[in-house]
Structure formats: C-alpha cells, structure tokens
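Engineer: Here's a structure for you.
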Amino acid sequence: MPTISLQQWNEFIKDCPQSHVLQSPAWGELKSQFGWESCWVVHGKLGAQILFQKIPLGYQVAYLPRGPISSGGEVFGHPDWTGFQKDLDDLCRQKKAVFLKIEPDCWHENGSADCSPPDGYKLSSHSIQPPRTILISLEGSEEEILGRMKSKTRYNIRLAEKKGITIRKLDDVEPFYGLLERTSDRAAFGIHTKEYYRKAFELFQKIGECQLFLAEFE
Numbered sequence: 022m023p024t025i026s027l028q029q030w031n032e033f034i035k036d037c038p039q040s041h042v043l044q045s046p047a048w049g050e051l052k053s054q055f056g057w058e059s060c061w062v063v064h065g066k067l068g069a070q071i072l073f074q075k076i077p078l079g080y081q082v083a084y085l086p087r088g089p090i091s092s093g094g095e096v097f098g099h100p101d102w103t104g105f106q107k108d109l110d111d112l113c114r115q116k117k118a119v120f121l122k123i124e125p126d127c128w129h130e131n132g133s134a135d136c137s138p139p140d141g142y143k144l145s146s147h148s149i150q151p152p153r154t155i156l157i158s159l160e161g162s163e164e165e166i167l168g169r170m171k172s173k174t175r176y177n178i179r180l181a182e183k184k185g186i187t188i189r190k191l192d193d194v195e196p197f198y199g200l201l202e203r204t205s206d207r208a209a210f211g212i213h214t215k216e217y218y219r220k221a222f223e224l225f226q227k228i229g230e231c232q233l234f235l236a237e238f239e
C-alpha cells in the first residue's frame, strides 16, 4: 500500500515550508469532519495529501488540492515524478476512485507562466479553488507596510481612521458569517455552512494559523 501515516506526513511537510495550507494536516482534519477521508502519499522528494469522498455504487472521487508538493525542486519535472505518479494511481485504484482532480499550486508571474498539465492529464474547464489569489507581505512596521501600497490606498486607509472606522479581533465566526451570507446573496455565489467555517476557524486558530478581524463603523 503506497500510503503513509499522518505522523509521517507531518514529518515530510516540515521540509516543505512553502507548501499550501490545503496540503496541511489541519486541512485534512477539517475535511474529515465533512465527509472526506485524507490519505498521504510520499515517493522520494514528492508527496501529497489526497482527499476521497464516497459516491453511490461503492465508488469514490479523489481530489488533490494545491499539490503535489516537493521537498526539493520542481514537481512535474522531478526525477521522482514517475514513481510518485504510480503510487498515486495505485492508491486511487485501491480506493475505487472514478477520477482524480489535481489543482497544482502553480505560481504565475504577471499571468505569463505556463502551468500545463503533465502527460496523461487533461486541463479541466472547471476549478474548485480560486484560479488567482493575492499574497500580501505583513513584514516590517506599519509605516513600511503602508509605504508598499499605492498612494490612493494609503489615503483611503487614513480617511477611514478619521471617519471613525474601528478594527477588532473576533473570537468566533458569527459576525463574519453574517456578512458572508449577505455578500453571497448579493453576489450570487455559494458558501459553506456556518459550522464549516467555525470548525476551520477553531482548527487553524489553535495552531496559530488563523485570525479574524472585523472593521466597524458607528
């Protein structure tokens, strides 16, 4: 059997500091509370956390979000890729998965990078994760952070302070979820249940990886 234990996955991921949160043990624990099973595969320098969910007739679907990850170099061009891919295939067959959906953690520089699928895979027109996210560095002092912003952004932040907008740290997801519900209704996009966000907040706050802040006016 090509899988490893959670403890072994914890050890492997320590050597992958740039790995995505969706490959973390905490994410696997969250999904396990909502109908998914987490499995871990490591072959040489490559590894992945794969999620399985049961469907009718004894089959499953397999999902690998923001992976595979590597403890040394690239993923798809890595010498261990062929062996890793075989282990992945063996696991999916053992789990009776009808398909495996992979959404790699590809970085695009100014939208020009090519993230073509490796041989044997087809590019899907439907993505589960957002195709683009923004990473903002919080290193440095407040003035240094503001200095990296556009002048209009700095102006709006200081104007908000003058108008009396306050920021406070939240200890639960209730206010956040209320805003999310109204936003999803207005913008017509789907959201998870309140319990899902509460579990996610509790799991990641416990390990120092999550904090919620709320901006309020009057």
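Residue 22 is where the sequence shown starts when you use this note's numbering, and the numbers rise one by one after that. Heads up, the beta-carbon is just placed ideally off N, CA and C, and yes, glycines get one too.
Is the CB-CB distance between Gly-49 and Gln-74 below 8 Å?
Structural biologist: no
Engineer: Checking 8 Å against the spacing of the C-beta atoms, do Trp-102 and Trp-61 come in under that value?
Structural biologist: no
Engineer: Of all the alpha helix (DSSP H) runs that stay within the bounds of the region 132-203, which reach a length of 4 or more residues?
Structural biologist: 163-168 and 172-183
Engineer: Distance, Cα to Cα, Glu-195 vs Lys-215?
Structural biologist: 8 Å
Engineer: Straight-line CA distance for Lys-116 to Leu-27?
Structural biologist: 18 Å
Engineer: Using 8 Å as the threshold, is the region 146-155 in touch with the region 198-208, meaning 3 or more CB pairs across them?
Structural biologist: no
Engineer: Between Lys-66 and His-41, which are expected to be in contact by the criterion C-beta below 8 Å, what is the C-beta distance as a whole number of angstroms?
Structural biologist: With 8 Å as the limit, Lys-66 and His-41 do not qualify as a contact, their Cβ atoms being about 17 Å apart.
Engineer: What ranges does the beta strand (DSSP E) occupy inside the region 44-99, keeping only unbroken runs of at least 3 residues that lie completely in it?
Structural biologist: The region 44-99 contains these whole beta strand (DSSP E) runs: 58-64, 67-76 and 80-86.
Engineer: By the 10 Å Cβ neighbour count, where 16 or more other Cβ atoms means buried, how is Ser-133 classified, buried or exposed?
Structural biologist: Per-residue confidence for Ser-133 stands at a pLDDT of 46, beneath the threshold of 50, marking its modelled position as unreliable; no derived number is given.
Engineer: From which residue to which residue does the beta strand (DSSP E) around Lys-122 run?
Structural biologist: 118-124
Engineer: Is it the case that the Cβ atoms of Pro-86 and Gly-68 are separated by a distance below 8 Å?
Structural biologist: no
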